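Asks:
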Amino acid sequence: SQSLDFYGFNGISSSNVRWLNNVQCNGKETNITECLHDGWFEHSCQYNQDIVVKCFDPYTLKSPIPIRLVDGSHSAEGRVEVNVKGEWGTISYFSWDIRDASVVCRMLGYQFAIQAGRVSSLGFGSGSGPIWFGYLNCHGSERSIADCSIYTPSLYTQYYYHSHYYDAGVVCYTETIKARLIGGSQPNEGRVELYYNNAWGSVCSNSWDIREANVICKMLGYSFAKRAWGAGQFGEGSGTTSGYLPECSGTESSITECSHSGWGTSCSSSVYRDFGAECTNQTTSVRLITADGASSNEGRLELYYNNTWGTVCDE
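So, in structure tokens, the structure goes:
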């Protein structure tokens, strides 16, 4: 999407009402009301800042998309190739990262990717035929690249986009990631450790919060996280760190679906490791408490937790 002037729509809008400003969507929402924004009718926009959307579906992508890995030493690694309109082709390395690669691995039945890169840097050969996609932009939790944003290249990247030297490659992880909580006074709390590459290790992160803790708790069969603990709360772990996990939305079913910079990485400081979580199987409910005569769709927000109704504050 762009502003009106970008596409040459420089006339006055047919409506003088502008409902939303600074809308931020992740692409998974089913309605624009699910996206972040500044509030309804909260703006200082001019007419030439109205947004135009251009919709297109160049390849009519539908899941499942035929996909394969070629030229690797085993079936879980190689050059990424997809079949579009009956013809196999490659994906451009331009903007390719571990999140895109993890979606490809998930399509092939693996949990996630441990390496993503240009084919030459991973030891795979270049492909031939069409280069179907460039600028693949996945969040990392998608089940198929059909759910990711796919951009066509601008003129200054045409060389990279049309050269098989820049084909994308991937190495997928073939084992199952397990989680556990260590060092707590109860089994539902403790230092988070993950089982990776035949060893238990703690998590390295510079943004550990309730979202990551929620995902860990769900992996362990709990409803959600009651609290995310800071580094060292449950003692120092041993062995290598299992991974660097800066971005979970909290809705993922496994930590492997979160964005990360690679597994088996080392932490630059002890303040970035040995995080903890406290999990719970409590159920929650929501209600609005309205004033006398007020509409039922507005009111004070209350949550039911631990057998008690309470409010939500915003500091």
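Take 239 as the starting number for the sequence shown in this note's numbering and just add one per residue.
All residues carry an ideal CB built from backbone N, CA and C; glycine is no exception.
Everything numeric in this text was worked out from a predicted model, so none of it was measured.
Taking only three categories from DSSP, how would you classify Cys-343?
Replies: Translated into positions along the sequence shown, residue 343 becomes position 105. Three-state result, Cys-343: helix.
Asks: Take Thr-412 as the anchor and find which of Phe-371, Glu-325, Glu-474, Thr-494 has the nearest alpha-carbon.
Replies: As a first step, residue 412 must be located in the sequence shown, where it is residue number 174. Ranking Phe-371, Glu-325, Glu-474, Thr-494 by Cα distance to Thr-412 puts Thr-494 first.
Asks: Looking at the unbroken alpha helix (DSSP H) that takes in Ile-448, where does it start and where does it end?
Replies: In the sequence shown, counting from the first residue as 1, residue 448 sits at position 210. Its alpha helix (DSSP H) spans residues 448-457.
Asks: If you draw a straight line from the C-alpha of Thr-395 to the C-alpha of Gly-372, how long is it?
Replies: For the purposes of this step, residue 395 is taken as the residue at position 157 of the sequence shown. For the purposes of this step, residue 372 is taken as the residue at position 134 of the sequence shown. Since pLDDT at Thr-395 reaches only 47, below the 50 mark, its modelled position is unreliable, and the value read off the structure follows with that caveat. So the two alpha carbons sit approximately 10 Å from each other.
Asks: Taking contact to mean 3 or more Cβ pairs, one atom from each stretch, closer than 8 Å, check whether the stretch 514-532 and the stretch 375-383 are in contact.
Replies: Too few Cβ pairs lie closer than 8 Å, so no.
Asks: State the start and end residues of the unbroken alpha helix (DSSP H) segment that holds Val-357.
Replies: Working through the sequence shown from its first residue, we reach residue 357 at position 119. 357-360 is the extent of the alpha helix (DSSP H) around Val-357.
Asks: How about Glu-450 and Cys-486: are their beta carbons less than 8 Å apart?
Replies: Taking the sequence shown and counting its residues from 1, the one referred to as residue 450 is at position 212. Taking the sequence shown and counting its residues from 1, the one referred to as residue 486 is at position 248. Yes.
Asks: Check for me: the beta strand (DSSP E) holding Lys-323 runs from which residue to which?
Replies: Indexing the sequence shown from 1 puts residue 323 at position 85. Lys-323 -> no beta strand (DSSP E), and no H or E assigned at all.
Asks: CB-CB under 6 Å to Asn-519, same chain, minus the five flanking residues each way: which ones, in chain order?
Replies: Counted from its first residue, the sequence shown places residue 519 at position 281. For Asn-519, where only same-chain residues beyond five positions count, the Cβ hits under 6 Å are Tyr-460, Ser-461.
Asks: Ordered along the chain, which non-local residues of its own chain (more than five positions away) have a Cβ less than 6 Å from that of Val-342?
Replies: Taking the first residue of the sequence shown as position 1, residue 342 is located at position 104. Contacts found: Val-318, Val-408.
Asks: Which class does Ile-415 belong to by DSSP, given the choice of helix, strand or coil?
Replies: The residue you call residue 415 lines up with position 177 of the sequence shown. In this structure, Ile-415 counts as coil in the three-state DSSP scheme.
Asks: Would DSSP call Thr-518 helix, strand or coil?
Replies: The residue labelled residue 518 in the question sits at position 280 within the sequence shown. It is a strand residue.
Asks: Name, in chain order, the residues that DSSP records as bridge partners for Asp-405.
Replies: Residue mapping note: residue 405 aligns to position 167 of the sequence shown, counting from 1. In DSSP, Asp-405 forms a bridge with Ser-330.
Asks: Take every Cβ of the stretch 440-454, pair it with every Cβ of the stretch 538-547, and state whether three or more of those distances are shorter than 8 Å.
Replies: Cβ pair count under 8 Å is below three, so no.
Asks: Which partner residues does Cys-410 have in the DSSP bridge list?
Replies: As a first step, residue 410 must be located in the sequence shown, where it is residue number 172. Answer is Ala-351.
Asks: Return the bridge partner residues of Leu-541 from the DSSP annotation.
Replies: By one-based count along the sequence shown, residue 541 stands at place 303. Note: Leu-541 sits in a beta bridge opposite Val-524, Gly-548.
Asks: Does Asp-309 come out as helix, strand or coil in the three-state DSSP assignment?
Replies: Numbered from 1 along the sequence shown, position 71 holds the residue referred to as residue 309. Three-state result, Asp-309: strand.
Asks: Using only CA atoms, which one of Thr-549, Arg-538, Met-345, Ile-352 lies nearest to Ile-415?
Replies: One-based indexing of the sequence shown puts residue 415 at position 177. The option with the nearest alpha carbon to Ile-415 is Ile-352.
Asks: By a C-beta neighbour count over all protein chains shown, 10 Å radius and 16 as the cutoff for buried, is Arg-465 buried or exposed?
Replies: Residue mapping note: residue 465 aligns to position 227 of the sequence shown, counting from 1. Exposed: under 16 other Cβ atoms inside 10 Å.
Asks: Do Trp-446 and Phe-513 have their CB atoms nearer than 8 Å?
Replies: Counted from its first residue, the sequence shown places residue 446 at position 208. Counted from its first residue, the sequence shown places residue 513 at position 275. Their beta carbons are under 8 Å apart, which means Trp-446 touches Phe-513 by this criterion.
Asks: With distance defined between alpha-carbon atoms, name the residue in Leu-419, Ser-491, Asn-435 nearest to Gly-475.
Replies: Position 237 of the sequence shown, counted from the start, is the residue given in the question as residue 475. The residue with the shortest Cα to Cα distance from Gly-475 is Leu-419.
Asks: What first and last residue would you give for the beta strand (DSSP E) that runs through Phe-472?
Replies: On the sequence shown, residue 472 is found 234 positions in, with the first residue counted as 1. It is not in any beta strand (DSSP E) - Phe-472 carries neither H nor E in the DSSP assignment.
Asks: Lys-323: which of Gly-548, Trp-370, Phe-332, Asp-405 sits nearest, CA to CA?
Replies: Working through the sequence shown from its first residue, we reach residue 323 at position 85. Per the Cα distances, Trp-370.
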